[in-house]
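Going by the numbering used here, 75 is the number at position 39 of the sequence shown; the sequence numbering is gapless. Where is the CB? At the ideal position from N, CA and C, for every residue including glycine. Just so we're clear, the structure is a prediction, and the values are computed from it rather than from any experiment.
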Amino acid sequence: MGRLSPFLWLMIFILILLPPAGGRLILDIAGGLIFTLIAIPFVLSGVGWIGWRILQSKMSTCEVCGAKSFNTSIQCPMCGSISTDMNESVDASSATIDITVEDNGKKS
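What follows is the structure, encoded as structure tokens:
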């Protein structure tokens, strides 16, 4: 029972090459399966992208440390600061720290 006989392979080839009702059924099923296998990754990636966008819209950003979380309270779970509105966005230029270099006279 290891190998199929050449006659069986010839019958399968004829069914695909000259499709009677049974051959058309096989071709339709194969076409539907191939379409499904190609379409599933696109559908899943679309659903994943929509889910990611929904999750991002529910996240809140801390005004002090910039941590994002699903926390709805007024206290940040990372730094513990009290915020008036965790969903309010902060301008990045106001949160930027300017650093200046000072020469202390030492040479390395």
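query, result
"Look up glutamine 118 in the DSSP assignment and give the residues it is bridged to.", "Here residue 118 turns out to be isoleucine, not glutamine, going by the sequence shown. Looking at the DSSP assignment, isoleucine 118 forms a beta bridge with Gln111."
"Express the C-alpha separation of lysine 104 and leucine 69 in angstroms, rounding to a whole number.", "42 Å"
"Might you give, ordered along the chain, the residues of its own chain that have their beta carbon closer than 7 Å to the beta carbon of valine 137, omitting 5 neighbours on each side?", "none"
"Does DSSP put lysine 104 in a helix, in a strand, or in coil?", "strand"
"Within 10 angstroms of its Cβ, does cysteine 101 collect 16 or more other Cβ (buried), or is it exposed?", "exposed"
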